[in-house]
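Peer 1:
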Amino acid sequence: MGEKVDLNSSRQIGEILFDKLKLDPKVRRTAKTKQYSTRAEILQRLEGRHEIVGQILHYRTCAKLMSNYVSELPATIHETTGRIHTQYNQASIVTGRIQSDRPNLQTIPVRTELGRRIRRAFTARDEDHLFLSADYSQIELRIAAELSGDAHMRTTFEEDADIHAATAANIHGVALGEVTEEMRRTAKTVNFGIIYGISPFGLGERLNISRAEAKVLIDQYFAEYPGIESYIEETLTFAREHEYVQTMLGRRRYVRDINARNNTQRQAAERNAINSRIQGTGADMIKLVMRTIHKRLTEGGFKTRMLLQVHDELVFDMPKAEADAVPPFIEAGMRTALPLTVPVKVGIGSGPSWLDAH
DNA sequence: TCTCTCACG
DNA sequence: ACGTACGTGAGAGAC
């Protein structure tokens with residue numbers, strides 16, 4: 050008791066929790082400096098052991114929202130336009146995505162209730178306008194289905210099923226109706242893990258299960274979606290020969306460590322190869338449609354304007370008078386941006402704020 | 001300047 | 001023995 054600690058210092062937090070309170074005998078350390086790791090994911094497991102843990106987590110959430118958003122964003126309002134103007138960069142991301150900075154408007158909070166209050170602060174220009182948001186549903190998994198040609202995953206999308214629930218049913222060998230929330234959450238982690246090139250170790254860490262149990266899940270996944278396993282093998286074979294991979298449109302990412310003798314370097318390159326074709330194809334797709342939509346809006350004499358791109362989402366400022374005419378061609382344009390054979394789904398909505406548009 | 005943490009897809 | 005899921009930007013502490 051009576052100890053002073055800077056709540057912004059992860060090192061001091063770690064010393065309090067693990068040296069003083071000894072909350073975890075199997076404490077984790079960070080990779081570079083071997084400090085105690087105090088990430089939210091780690092702390093959440095210790096919440097029951099001392100009331101201070103939950104308080105630290107809550108402080109962290111608030112501090113992040115304050116420093117990155119509440120304090121920062123008002124200072125970025127342009128003095129003559131009265132609006133926030135981000136910068137987009139298209140030549141810095143290895144996969145072909147575009148990136149936003151000063152300020153970064155691609156990381157406006159949405160996942161927590163407190164965070165959503167910040168997103169709600171982004172509003173249409175006046176009461177005659179709305180925010181329009183259009184986003185791709187599960188675009189990367191659809192692209193994985195397309196690139197791999199996996200019949201089972203394709204069918205899942207053709208039936209417009211919930212991909213994570215369907216995957217849960219498949220890997221657990223149960224009917225769709227018997228899928229629990231827990232099973233769906235696990236399947237979601239596996240779905241994303243696979244397209245990132247996850248290992249049994251990594252999946253085990255994330256699901257808090259043993260490496261052996263994680264391997265069973267991955268094996269089961271490949272048994273259900275054999276095309277995905279082939280996609281990974283074919284991608285790696287191509288990468289080893291050429292030292293690059295390419296998107297559907299042929300844009301390359303070089304992966305020169307793909308034949309490295311150092312295991313860690315080589316495996317990292319393999320994960321990059323597996324993911325880049327998928328993430329990059331998604332990036333190509335939305336860039337193409339941004340061009341098409343901009344052209345259609347300006348040549349069509351519409352006053353709706355594209356404001357933001359957030360990787361799989363486009364945000365527009367739209368006069369209410371255009372609310373019938375504009376959304377249908379934005380939705381159709383996004384859906385047909387690339388001639389995929391797997392169905393593409395787009396969610397679209399509008400409202401007085403960015404949050405309401407979702 | 002590096003490291004950790006955490007906001008997003 | 002080692003490291004272990006992709007891509008980012010940004011604030012704060014530690015040095």
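Numbering follows my numbering, in which position 233 of the first sequence is assigned residue number 282; successive positions increment by one, without gaps.
C-beta: ideal position from N, C-alpha, C; glycine also.
Quantities reported herein were computed from a predicted structural model and do not represent experimental measurements.
Are the Cβ atoms of Thr87 and Ser59 separated by less than 8 Å?
Peer 2: Mapped onto the first sequence, residue 87 falls at position 38. Mapped onto the first sequence, residue 59 falls at position 10. Against a cut-off of 8 Å, the Cβ pair of Ser59 and Thr87 comes out as a contact.
Peer 1: Please check the pair Ala383 and Ala89, which I expect to be a contact at CB under 8 Å, by giving their CB distance rounded to whole angstroms.
Peer 2: Here residue 383 is taken as the residue at index 334 of the first sequence, counted from 1. Here residue 89 is taken as the residue at index 40 of the first sequence, counted from 1. It is Met, not Ala, that sits at residue 383 in the sequence shown. Actually they are not in contact, since the Cβ atoms of Met383 and Ala89 sit about 33 Å apart, beyond 8 Å.
Peer 1: Over the uninterrupted alpha helix (DSSP H) stretch that includes Ala272, give me the two end residues.
Peer 2: Numbered from its first residue, the first sequence carries residue 272 at position 223. 260-273 is the span of the alpha helix (DSSP H), which, as asked, contains Ala272.
Peer 1: Does DSSP put Asn311 in a helix, a strand or coil?
Peer 2: Here residue 311 is taken as the residue at index 262 of the first sequence, counted from 1. Looking at Asn311 - three-state DSSP - the assignment turns out to be coil, as it is neither helix nor strand.
Peer 1: Put Thr330 into one of helix, strand or coil per three-state DSSP.
Peer 2: Your numbering for residue 330 matches position 281 in the first sequence. Three-state result, Thr330: helix.
Peer 1: Taking 7 Å as the cut-off, is the CB of Lys394 close to at least one heavy atom of the ligand ADP?
Peer 2: Looking at this structure, you won't find the ligand ADP or any other ligand, since it has none at all.
Peer 1: Give the range of the beta strand (DSSP E) segment to which Pro368 is assigned.
Peer 2: In the first sequence, counting from the first residue as 1, residue 368 sits at position 319. Segment 362-368, the beta strand (DSSP E) holding Pro368.
Peer 1: Quick one: using the 10 Å Cβ neighbour count with 16 as the cut-off for buried, is His107 buried or exposed?
Peer 2: As a first step, residue 107 must be located in the first sequence, where it is residue number 58. Looking at its Cβ environment, which holds fewer than 16 other Cβ atoms inside 10 Å, His107 is exposed.
Peer 1: Could you tell me how far apart the beta carbons of Thr353 and Leu363 are, in whole angstroms, since I believe they sit closer than 8 Å?
Peer 2: Here residue 353 refers to the residue found at position 304 of the first sequence. Here residue 363 refers to the residue found at position 314 of the first sequence. Their Cβ separation, rounded to whole angstroms, is 11 Å, which puts Thr353 and Leu363 out of contact at 8 Å.
Peer 1: In whole angstroms, give me the CA-to-CA distance for Ala217 and Gly329.
Peer 2: One-based indexing of the first sequence puts residue 217 at position 168. One-based indexing of the first sequence puts residue 329 at position 280. Spanning the two alpha carbons is a distance of roughly 27 Å.
Peer 1: Using C-beta distances below 8 Å, list every residue in its chain close to Leu225, excluding the 5 sequence neighbours before and after it, in chain order.
Peer 2: Reading the first sequence from its first residue, position 176 is the one you call residue 225. Counting only Cβ-Cβ distances below 8 Å, and skipping sequence neighbours, we find Ala210, Ala214, Ala215, Ala218.
Peer 1: Looking only at its own chain, which residues have a Cβ that is under 7 Å from the Cβ of Met232, when we skip the five neighbours before and after it?
Peer 2: To locate residue 232, count along the first sequence from 1; it is residue 183. Cβ within range, chain order: Ala217, His221.
Peer 1: For Ile133 and Leu154, what's the separation of their Cα atoms in angstroms?
Peer 2: The residue you call residue 133 lines up with position 84 of the first sequence. The residue you call residue 154 lines up with position 105 of the first sequence. The alpha-carbon atoms of Ile133 and Leu154 are separated by roughly 9 Å.
Peer 1: Please confirm if the region 165-176 is in contact with the region 390-403, defined as three or more CB-CB distances below 8 Å between the two stretches.
Peer 2: Counting Cβ pairs under 8 Å, three or more are found: they touch.
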